[in-house]
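Heads up: the sequence shown begins at 2 in the working numbering, then just goes up one per residue. C-beta: ideal position from N, C-alpha, C; glycine also. The structure displayed is predicted, hence computed values, not measured ones.
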Amino acid sequence: MLAQAGSDSIKEQTMAEHLLLTGASGGIGRALALQLAKAGYRLSLQGRDAAKLAETCAQVLALAPAMQPATQLVQQAAFDLTDAAALIAFCRQAEAACPVDGLINCAGANLSRAPAQTPDWPALEQMLALNFRVPLLLQECLLPGMLARGHGTILQVLSTCVGFANPGVAAYSASKSALESYSKVLRRELQDSGVRVLHLIPGGVDTGFRATARPEYLTSDDVAAAALAMLQAPKSAHWHELVLRPQVERNWA
């Protein structure tokens with residue numbers, strides 16, 4: 002279900018960038034939505050859990066009175082990103098409401114701990130769909146507008162699994178590594194276009210993504226703060242990637 006916030010006046014505002022963020026129902030995505038709102042960005046938010054996404058949106062809107070007038074929730078929608086029709090509709094409505102200046106691919110899932118020698122094929126296909134194909138479709142929808150305007154940002158939230166080999170994460174690592182490799186080529190192809198392609202590569206994060214709490218790991222706010230720093234870096238300085246790890250991790254490549 003799609004919902005549009007604000008009015009036609011949104012189109013007239015030019016001070017704040019409009020970012021489309023996936024995975025905003027909780028964890029890193031929610032933390033990032035709140036930090037972006039505080040920083041004055043306009044937001045279109047996607048999440049799979051409608052109730053949790055509504056909580057995120059309420060928190061974003063609660064920040065608005067103290068922020069610049071340009072800080073608004075442009076669009077919000079709760080749906081499964083692998084539903085291509087819903088994804089395309091969301092992108093089109095967000096772009097129609099206010100040109101999208103940036104895409105943050107934050108949604109993702111690790112659905113299997115199967116060893117590499119015996120793949121869990123259904124889980125692997127689901128992870129490739131969500132962690133790899135979905136970001137590509139989002140980019141395909143939103144890049145034409147960014148290129149036409151001569152500026153934009155794509156921020157991929159990846160994982161340190163793209164740089165090391167841990168038992169039990171073969172499928173997840175493959176899906177994230179596929180996106181990393183694809184995006185490196187995209188970055189090169191867009192080098193002179195004004196569109197940046199950035200990689201945020203966090204290590205262990207203590208979120209609901211994990212079966213057990215890991216308080217010694219990074220927090221969602223830690224990762225969100227790093228993403229915000231990348232987005233706010235001078236456009237002349239192309240910050241290709243940032244690796245962020247908790248001090249306790251020992252699987253450093």
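Residue i Cβ short of 7 Å to the ligand ZN heavy atom set
i	result
Ala-63	Within the structure as shown, the ligand ZN is missing, as the structure has no ligands at all.
Beta-carbon contacts of residue i that lie in its chain and below 6 Å, excluding the five residues immediately before and after
i	result
Ala-130	Thr-83
Thr-154	Gly-103 and Arg-197
Between the CA atoms of residue j and residue i - distance to the nearest angstrom
i	j	result
Gln-233	Val-198	14 Å
Gly-169	Gln-77	35 Å
Gly-28	Leu-35	11 Å
Pro-116	Ala-171	7 Å
Phe-133	Ala-179	7 Å
Leu-148	Val-101	11 Å
Buried/exposed call for residue i, threshold 16 Cβ in 10 Å
i	result
Gln-60	exposed
Asn-167	exposed
Asp-81	exposed
Val-206	buried
Thr-213	exposed
His-19	buried
Ser-26	buried
Residue j beta carbon less than 8 Å from that of residue i
i	j	result
Leu-229	Leu-54	no
Ala-79	Ala-51	yes
Gly-109	Gly-24	yes
Cys-99	Val-158	no
Ser-174	Val-163	yes
Gln-1	Phe-91	Given that the chain is displayed from residue 2 to residue 254, the structure contains no residue 1 and the question cannot be resolved.
Residues near residue i by beta carbon distance below 8 Å, same chain, minus five either side
i	result
Ala-226	Gln-36
| task | Jot down the residue ranges of each uninterrupted alpha helix (DSSP H) in the stretch 22 to 110, minimum 4 residues, whole runs only, in chain order. | result | 28 to 39, 51 to 64 and 85 to 98
| task | Starting from the N-terminal side, write out each stretch of the alpha helix (DSSP H) that is 4 residues or longer and does not extend beyond the stretch 194 to 254. | result | At a cut-off of 4 residues, the continuous stretches assigned as alpha helix (DSSP H) that sit fully inside the stretch 194 to 254 are 221 to 233.
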